[in-house]
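Trainee:
Numbering (the working numbering), first residue to last: 66 to 313.
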């Protein structure tokens with residue numbers, strides 16, 4: 066497998082295009098952290114407010130992964146990943162265009178959905194690689210894809226600093242909007258260059274894409290435990306938003 070990996074043909078093309086889709090989704094998802102100081106300064110935000118925005122960045126990721134998983138089962142990874150990447154441009158541009166704290170919060174909540182992209186590539190990789198190679202393939206997908214968070218930290222401050230010479234005050238805005246636009250363009254490229262399965266293989270879809278049904282008391286409590294992280298993060302978010310006066 067290693068000898069053929071860089072051939073960029075067949076399943077290896079799918080692997081490379083998919084890990085790069087994951088890479089871009091993480092660049093978008095983590096585009097705030099390296100620019101947070103500039104955002105805080107431009108808006109005159111308090112420490113509590115910038116921390117609240119950081120929480121918003123992950124708040125909807127957990128429920129989004131469940132919903133994305135359902136869409137993935139129904140429509141396949143090609144359509145789902147393409148649409149998620151194209152969607153990324155909307156909250157990125159909205160965040161870059163924000164004029165007050167409320168707009169920052171709402172756009173960041175919408176942007177947290179992009180963090181759900183990880184689950185799509187797992188299914189795509191599993192469809193294209195046999196069991197004896199799936200571990201290495203998904204390791205490459207996850208490893209290179211996760212590097213997107215580091216890439217955002219390395220590159221976005223440099224881009225913002227470069228742009229500051231021509232348009233002070235817009236530097237971080239252009240940087241964040243740019244990540245979303247690039248992701249959207251790649252989403253279009255991804256749609257026209259990948260397939261859900263190898264030739265001759267049928268994409269297996271469930272009979273129903275609805276959520277899990279509970280049929281016993283044991284399953285009910287198990288489902289409650291599974292949903293605990295979702296309830297906790299949304300509870301923390303509501304508490305933080307109330308603490309900084311978002312609902313007033």
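We put the beta carbon where it would ideally sit given N, CA and C, even for glycine. Fair warning: this is a prediction, and the values are worked out from it, not measured in the lab.
Under 7 Å Cβ to Cβ from residue 194, same chain only, skipping five residues before and after it: list those, please.
Mentor: 76 and 202
Trainee: Which of the three DSSP states is assigned to residue 259 in this structure?
Mentor: coil
Trainee: Going by DSSP in three states, residue 266 sits in which element: helix, strand or coil?
Mentor: coil
Trainee: On the three-pair Cβ rule with 8 Å, is the segment 172 to 187 touching the segment 86 to 102?
Mentor: yes
Trainee: Got a sec? Which residues, its chain only, sit under 7 Å from residue 237 by beta carbon, not counting five neighbours each side?
Mentor: 100, 103, 104 and 225
Trainee: Between the alpha carbons of residue 148 and residue 252, how many angstroms are there, rounded?
Mentor: 7 Å
Trainee: With respect to the alpha helix (DSSP H) encompassing residue 141, which residues constitute its N-terminal and C-terminal limits?
Mentor: Here residue 141 belongs to no alpha helix (DSSP H), and DSSP marks it neither H nor E.
Trainee: Near residue 311, which residues of its chain fall below 8 Å by C-beta distance, leaving aside the five closest residues on each side in sequence?
Mentor: 117, 166, 167 and 170
Trainee: Closest to residue 250 by C-alpha separation, out of 154, 293 and 260, would be which residue?
Mentor: 154
Trainee: To which residues of the same chain is residue 127 closer than 7 Å at the C-beta, ignoring the five residues directly before and after it?
Mentor: Here the set comprises 294, 295 and 298.
Trainee: Could you pull out every residue in the same chain whose Cβ sits closer than 7 Å to the Cβ of residue 82, ignoring the five residues on either side in sequence?
Mentor: 255, 258 and 259
Trainee: Any idea what DSSP makes of residue 236, helix, strand or coil?
Mentor: Reduced to three states, the DSSP call for residue 236 is helix.
Trainee: With a Cβ-Cβ cutoff of 8 Å, do residue 309 and residue 113 count as a contact?
Mentor: yes
Trainee: Do residue 161 and residue 242 have their C-beta atoms closer together than 8 Å?
Mentor: yes
Trainee: With residue 95 and residue 213 assumed to form a contact (beta carbons below 8 Å), what rounded beta-carbon distance in angstroms separates them?
Mentor: At roughly 7 Å, the Cβ-Cβ gap stays under 8 Å, so residue 95 and residue 213 are in contact.
Trainee: The alpha helix (DSSP H) that contains residue 280, what's its start and end?
Mentor: Premise fails: residue 280 is in no alpha helix (DSSP H) and is neither H nor E.
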